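Numbering (my numbering), first residue to last: 92 to 548.
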């Protein structure tokens, strides 16, 4: 996997292959395609900002070997640096780390064709109406060669078949010519496509395998191309769920779903929804508009009403959230629980059939079953040094504007008076009252309206 390029035209300090596409790095996609195609061991050639790429590989593809190309002198140079790694195999596949749209199906067909035809070298090609910037595939005298854009003649530039930059070599054939690559070209680099002519000159069989869909080879060289590739991948993912899982999606072009998301049957997603990370949406769930889910679990028949944000949290079976609700840091609604408008729940569990209907903050809290949390309730979980826990039992009725000063525990069947500040344990079945004494000052309004000059002699 060639992943050493700087990506100057991206206008960013981030190495090109780590730019995010549907919230996963560009490099994730060809690596996953190769793995899904059944290819074995993987090595990635890294260079510019290679430490960041190497770190990401260790976390996400730990079995991938890392090969350093400290000086970027072309794809042929990269292949030479990797020779010690690939020389132990019968064939080596060379893929581009900045071509995220390649599919496992195309790679499988590519490898099968290479083996069946007994090729010494095969490469994927495709047709473009405007081939500017690509190496041209020149078929002549029963053979094939590739000419780079800057080295192509006038007639060669008219050719519409182009090289994808993806190859399969028999390693013995590549080893026989790798040291003969020359940098005598406009770029002063060692081009891997030059190996094709050298292999052919040694009597080897070189073939171009023409792919059906040119969109699979949409390379990414700037932010505009990244956005274009993202839209193609978005459409591919959403339409796949609609076709294979029966996803009901009335406006697919407004829905964004990441490549790791899983969706069950009979799911409905309204327009302008984003699902990212390892989000799971189970059978029968509903996701309302303007919702963003990241590493969330939505259980069967749950109802996400719209304008909801869920990070690393779970909504249980037949539970509901929103609109305008936020769950984070492994918060969880259990079966048939509800959180409503302008509610934030953090690192807390809301029990079966319990409700937090509106205008509340629940943090570091455990709520039992069938408990109702009144509007404006806040768990005061932070004392300026550490976070503290609140525990509220089952079948409780929490009055509006109750403040729980954690750490604090409330038993089962408890009620709290509206406007209370609860600072100590409330036992089972009790009413917790924590109000300041009310004082009425008679005549206050009249005295307040009285002018300072009035009453003077």
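Beta carbons are placed, not taken as given, at the ideal position from N, Cα and C, and that holds for glycine.
As the structure is a computational prediction, the values presented were derived from the model and not from experiment.
Express the C-alpha separation of residue 440 and residue 472 in angstroms, rounding to a whole number.
-> Using only the alpha carbons, I get a separation of about 14 Å.
Buried or exposed: which applies to residue 537, given that a residue is buried once 16 or more other Cβ atoms fall within 10 Å of its Cβ?
-> Flag for residue 537 reads exposed.
First through last residue of the alpha helix (DSSP H) which encompasses residue 151 = According to the DSSP assignment, residue 151 belongs to the alpha helix (DSSP H) that extends over 141 to 151.
Just mark residue 301 as buried or exposed, buried being the case when its beta carbon has 16 or more other beta carbons within 10 Å.
-> Exposed, since its Cβ has fewer than 16 Cβ neighbours within 10 Å.
Opening and closing residue of the beta strand (DSSP E) in which residue 435 lies | Start and end: 429 to 437.
Nearest neighbour of residue 140, chosen from 95, 101 and 184 [CA to CA] = Checking every option, the nearest Cα to that of residue 140 belongs to 95.
Would the beta-carbon of residue 415 fall within 8 Å of that of residue 404?
-> Against a cut-off of 8 Å, the Cβ pair of residue 404 and residue 415 comes out as no contact.
With a threshold of 16 other CB atoms inside 10 Å of the CB of residue 488, please say whether the residue is buried or exposed.
-> Exposed, because fewer than 16 other Cβ atoms sit within 10 Å of the Cβ of residue 488.
Host alpha helix (DSSP H) of residue 450 (start-end) | Note, residue 450: premise wrong, no alpha helix (DSSP H); beta strand (DSSP E) at 446 to 454.
Between which two residues does the alpha helix (DSSP H) harbouring residue 202 extend?
-> It spans 195 to 207 - the alpha helix (DSSP H) in which residue 202 sits, taken as one unbroken run.
Please report how far the alpha carbon of residue 218 lies from the alpha carbon of residue 255, in whole angstroms.
-> Spanning the two alpha carbons is a distance of roughly 10 Å.
Exposed unless 16 or more other CB atoms sit within 10 angstroms - verdict on residue 102 = Of the residues assessed, residue 102 falls on the exposed side of the cut-off, its CB having fewer than 16 other CB atoms within 10 angstroms.
With C-beta atoms as the reference, is residue 420 less than 8 Å away from residue 407?
-> In this structure, residue 420 lies away from residue 407, with their beta-carbon atoms at least 8 Å apart.
Given a cut-off of 8 Å, decide if residue 517 and residue 501 are closer than it, judged by their beta-carbon atoms.
-> Their beta carbons are under 8 Å apart, which means residue 501 touches residue 517 by this criterion.
Buried or exposed by the 16-neighbour rule on C-beta atoms within 10 Å, applied to residue 330 = Under this definition residue 330 is an exposed residue.
Going by other Cβ atoms of all chains shown within 10 Å of its Cβ, with 16 needed for buried, is residue 514 buried or exposed?
-> Sixteen is the threshold: since fewer than 16 other Cβ atoms of the shown chains lie within 10 Å of the Cβ of residue 514, the residue is exposed.
Would residue 134 pass as a contact of residue 156 if the rule is Cβ separation under 8 Å?
-> In this structure, residue 156 lies closer than 8 Å to residue 134 by Cβ.
In terms of residues, what are the limits of the alpha helix (DSSP H) holding residue 401?
-> In the DSSP assignment, residue 401 falls outside any alpha helix (DSSP H) and within the unbroken beta strand (DSSP E) covering 399 to 402.
So is residue 158 in contact with chain B if we call contact Cβ pairs under 8 Å?
-> Among the chains in the structure shown there is no chain B, since it carries only a single protein chain.
Does the pairing of the stretch 450 to 464 with the stretch 476 to 485 give three or more beta-carbon distances under 8 Å?
-> The answer is yes - the stretch 476 to 485 touches the stretch 450 to 464, with three or more Cβ pairs under 8 Å.
Exposed or buried, what is residue 244 when buried is set at 16 or more other beta-carbons lying within 10 Å of its beta-carbon?
-> Counting Cβ neighbours within 10 Å, residue 244 comes out exposed, since fewer than 16 surround it.
Provide the residue span of the alpha helix (DSSP H) that contains residue 324, from first to last.
-> Counting along the chain, the alpha helix (DSSP H) containing residue 324 begins and ends at 314 to 335.
For the beta strand (DSSP E) containing residue 384, list its first residue and its last residue.
-> Run containing residue 384: 383 to 385, per the beta strand (DSSP E) assignment.
Of the residues 249, 212 and 307, which one's Cα is nearest the Cα of residue 235?
-> Cα-wise, what sits closest to residue 235 is 212.
Reference residue 232, options 225, 288, 459 and 186, closest by Cα = Residue 232 has its Cα closest to that of 288, out of 225, 288, 459 and 186.
Taking the C-alpha atoms as reference points, what is the distance between residue 297 and residue 93?
-> Whole-angstrom Cα-Cα distance: 21 Å.
Of all the options 175, 123, 509 and 138, which has the alpha carbon lying nearest to the alpha carbon of residue 154?
-> Among 175, 123, 509 and 138, the Cα nearest to that of residue 154 belongs to 123.
Which word fits residue 159, buried or exposed, when buried means at least 16 other C-beta atoms lie within 10 angstroms of its C-beta?
-> Looking at its Cβ environment, which holds fewer than 16 other Cβ atoms inside 10 Å, residue 159 is exposed.
Find the nearest neighbour of residue 361 within the set 379, 208 and 524, judged by alpha-carbon distance.
-> It is 379.
Three-state class that DSSP yields for residue 350 in the structure shown | Here residue 350 sits in coil by DSSP.
Who does residue 212 pair with in a DSSP beta bridge?
-> Partner(s): 260 and 297.
Quick one: residues in its chain with C-beta nearer than 7 Å to the C-beta of residue 204, no 5 flanking neighbours on either side, listed in chain order?
-> Excluding five sequence positions before and after residue 204, the CB atoms of its chain that fall closer than 7 Å to its own CB belong to 213 and 300, given in chain order.
In the structure shown, what three-state DSSP assignment does residue 477 receive?
-> In the structure shown, residue 477 sits in coil (DSSP, three-state: anything other than H, G, I, E or B).
Of all the options 113, 459, 430 and 485, which has the alpha carbon lying nearest to the alpha carbon of residue 448?
-> Of the candidates 113, 459, 430 and 485, the residue whose Cα lies closest to the Cα of residue 448 is 430.
Since residue 538 is in the alpha helix (DSSP H), which residue starts that stretch and which ends it?
-> Taken as a continuous stretch (DSSP letters only), the alpha helix (DSSP H) holding residue 538 covers 535 to 540.
Any idea what DSSP makes of residue 248, helix, strand or coil?
-> If DSSP states are grouped into helix, strand and coil, residue 248 belongs with the helices.
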